[in-house]
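Trainee: Numbering (our numbering), first residue to last: 6 to 365. We put the CB at the ideal spot given by N, CA and C, even for glycine. Please read these numbers as outputs of a predicted model, since none were measured by experiment.
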Ligand SMILES: NC(=O)c1ccc[n+]([C@@H]2O[C@H](COP(=O)([O-])OP(=O)(O)OC[C@H]3O[C@@H](n4cnc5c(N)ncnc54)[C@H](O)[C@@H]3O)[C@@H](O)[C@H]2O)c1
Ligand SMILES: [Zn+2]
């Protein structure tokens with residue numbers, strides 16, 4: 006098992022990464038001073054797969070365990086579901102010291118995190134992410150939220166977990182599309198931080214797809230470390246965190262214009278190639294490195310080319326997302342693999358040109 010220490014301005018915590026570590030959870034909780042009652046919040050799918058393992062591990066260490074369950078899906082990230090969970094916590098006589106264990110993907114993590122942050126002004130939160138996306142992205146950094154109507158993550162707070170436990174063994178039950186969603190973020194971390202990590206992904210992609218536990222441990226630990234190092238310097242998202250949005254400006258627009266038929270990771274994958282192409286046209290990223298990025302994305306089973314979407318609508322969506330002002334677009338660009346920066350000086354016409362070219 007590897008431990009990555011995260012030290013934001015407020016509380017610091019460990020991210021534990023390893024295969025089969027769900028069974029050690031009772032002991033890991035004891036190490037951070039938890040005892041007595043704990044409440045697991047999970048969704049029905051994840052409960053069916055890993056609920057018993059987690060409950061047994063906790064009971065064996067003497068914890069008294071309650072489990073609250075919600076249906077799977079983004080629709081549950083709502084104030085209505087949060088209200089239901091407040092009622093449930095109240096019925097369980099949960100106290101301010103009772104740890105909340107968020108077992109699931111990003112939906113459970115964001116929702117249970119929001120509930121833990123707000124009920125009784127904050128209960129200890131332990132993130133137990135079970136999707137690749139949640140292990141490398143949503144469980145780290147302390148953003149917790151619910152959606153407001155169609156607007157995502159509108160109601161939320163910054164609330165750091167006390168511990169993150171990423172058991173890469175649970176990824177074996179994820180379907181290929183969900184794995185791809187996480188892989189897009191993994192590739193993003195390599196592009197924004199480290200050419201060596203990018204080469205590691207190129208050399209080990211087949212073992213990642215075959216879910217080799219040792220390689221997954223390396224990939225999740227390295228990705229978590231990249232995110233941790235960025236968020237601890239910018240806990241409240243005031244600047245540096247922007248580099249985590251590599252591929253996301255176009256990505257968000259693609260998701261929205263496709264009416265979410267294109268998944269987040271797929272949209273970000275295309276967005277990373279678009280950002281790479283813009284970087285190349287501005288005389289930065291070499292054609293060889295741009296091709297390496299596109300090739301790795303394709304080998305990961307993700308799209309590297311823009312599907313047939315209306316480019317005018319994509320531009321409109323970027324404007325709506327406040328990514329455009331005075332005819333300039335806010336983007337993360339790459340000088341090289343492992344070297345990116347944020348700019349709001351790219352002309353909208355260049356972005357449009359690249360999108361039209363990519364779309365043909
Ligand atoms: N807080 C943040 O910083 C942050 C960052 C990125 C994304 N997010 C949020 O994360 C959410 C998306 O998270 P997600 O992609 O994990 O989706 P998700 O939570 O909806 O999980 C996807 C599906 O996989 C199932 N599942 C989870 N673990 C599984 C496993 N081990 N085996 C089989 N099935 C499993 C779930 O039941 C669900 O149906 C979005 O709401 C997004 O806004 C938050
Ligand atoms: Zn993302």
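1) Along the chain, where does the alpha helix (DSSP H) that runs through residue 96 open and close?
2) Give me the Cβ distance between residue 116 and residue 186, rounded to the nearest whole Å; I'm assuming they're in contact under 8 Å.
3) Enumerate, from N- to C-terminal direction, the unbroken beta strand (DSSP E) stretches of 3 or more residues contained entirely within the segment 16 to 45.
4) Between the segment 224 to 242 and the segment 162 to 178, can you find at least three pairs of beta-carbon atoms closer than 8 Å?
5) Look up residue 338 in the DSSP assignment and say whether it is helix, strand or coil.
6) Taking only heavy atoms of ligand 4 into account, decide whether any of them is closer than 7 Å to the Cβ of residue 250.
7) Go ahead and label residue 327 buried or exposed: buried means 16 or more other beta carbons lie within 10 angstroms of its beta carbon, across all protein chains shown.
8) In the DSSP output, which residue or residues are listed as bridge partners for residue 171?
9) Compute the Euclidean distance between the alpha carbons of residue 131 and residue 203, then round it to the nearest angstrom.
10) Give the secondary structure of residue 159 by DSSP, where H, G and I count as helix, E and B as strand, and everything else as coil.
11) Can you tell me the Cβ-Cβ gap for residue 5 and residue 225, rounded? I've got them flagged as a contact below 8 Å.
12) Nearer than 7 Å: is that true of the beta carbon of residue 273 relative to any heavy atom of ligand 2?
13) In whole angstroms, what is the alpha-carbon distance linking residue 158 and residue 150?
14) Give the range of the beta strand (DSSP E) segment to which residue 350 is assigned.
15) Pairing CB atoms from the segment 304 to 314 with CB atoms from the segment 275 to 286, are three or more of them under 8 Å?
16) Might you give, ordered along the chain, the residues of its own chain that have their beta carbon closer than 7 Å to the beta carbon of residue 65, omitting 5 neighbours on each side?
17) Answer with buried or exposed for residue 129, where buried requires no fewer than 16 other C-beta atoms within 10 angstroms of its C-beta.
18) What do you reckon, are the CB atoms on residue 72 and residue 45 nearer than 8 Å?
19) State the Cα-Cα distance for the pair residue 176 and residue 362, rounded to the nearest angstrom.
20) Looking at the secondary structure, which residues open and close the beta strand (DSSP E) in which residue 69 lies?
21) If I follow the unbroken beta strand (DSSP E) through residue 134, where does it start and stop?
22) On the DSSP bridge assignment, give the partners of residue 101 in chain order.
23) Between which two residues does the beta strand (DSSP E) containing residue 150 stretch?
24) Expressed to the nearest angstrom, what Euclidean distance is found between the alpha-carbon atoms of residue 336 and residue 88?
25) Could you tell me whether the segment 285 to 302 touches the segment 338 to 355, using the rule of 3 or more Cβ pairs below 8 Å?
26) Report yes or no: do the segment 212 to 219 and the segment 89 to 97 share at least 3 C-beta pairs separated by less than 8 Å?
27) Quick one, which of 56, 16, 349, 271 has its alpha-carbon nearest residue 257's?
28) Just to confirm, does residue 15 get its C-beta within under 7 Å of one of the non-hydrogen atoms of ligand 1?
29) Which residue marks the beginning of the beta strand (DSSP E) containing residue 304, and which one marks its end?
30) Any heavy atom of ligand 2 inside 7 Å of the beta-carbon of residue 190?
31) Would you grab the beta carbon distance between residue 109 and residue 135 for me? Rounded to a whole angstrom, and I think it's under 8 Å.
32) If we count the other Cβ atoms within 10 Å of its Cβ and call it buried at 16 or more, is residue 350 buried or exposed?
33) Once the 5 residues before and after residue 302 are set aside, which same chain residues still bring their CB inside 7 Å of it?
34) Alpha carbon to alpha carbon, how far is residue 127 from residue 15?
35) Residue 230: buried (16+ other C-beta within 10 angstroms of its C-beta) or exposed?
36) Could you tell me if residue 285 is buried or exposed, where buried requires 16 or more neighbouring beta carbons within 10 angstroms of its beta carbon?
Mentor: So, to answer that:
1) 84 to 96
2) With a Cβ gap of about 18 Å, residue 116 and residue 186 do not count as contacting.
3) 18 to 23
4) yes
5) strand
6) Looking at this structure, you won't find ligand 4 anywhere; what it does contain is ligand 1 and ligand 2.
7) exposed
8) 22
9) 30 Å
10) strand
11) Residue 5 lies beyond the range of the chain shown here (6 to 365); nothing can be said about it.
12) yes
13) 5 Å
14) 344 to 352
15) yes
16) 31
17) buried
18) yes
19) 37 Å
20) 69 to 75
21) 130 to 134
22) None; residue 101 has no bridge partner.
23) 148 to 153
24) 37 Å
25) yes
26) no
27) 271
28) no
29) Where residue 304 is concerned, there is no enclosing beta strand (DSSP E), although the alpha helix (DSSP H) it sits in stretches over 292 to 304.
30) yes
31) 6 Å
32) exposed
33) 192, 274, 277, 278, 309
34) 14 Å
35) buried
36) buried
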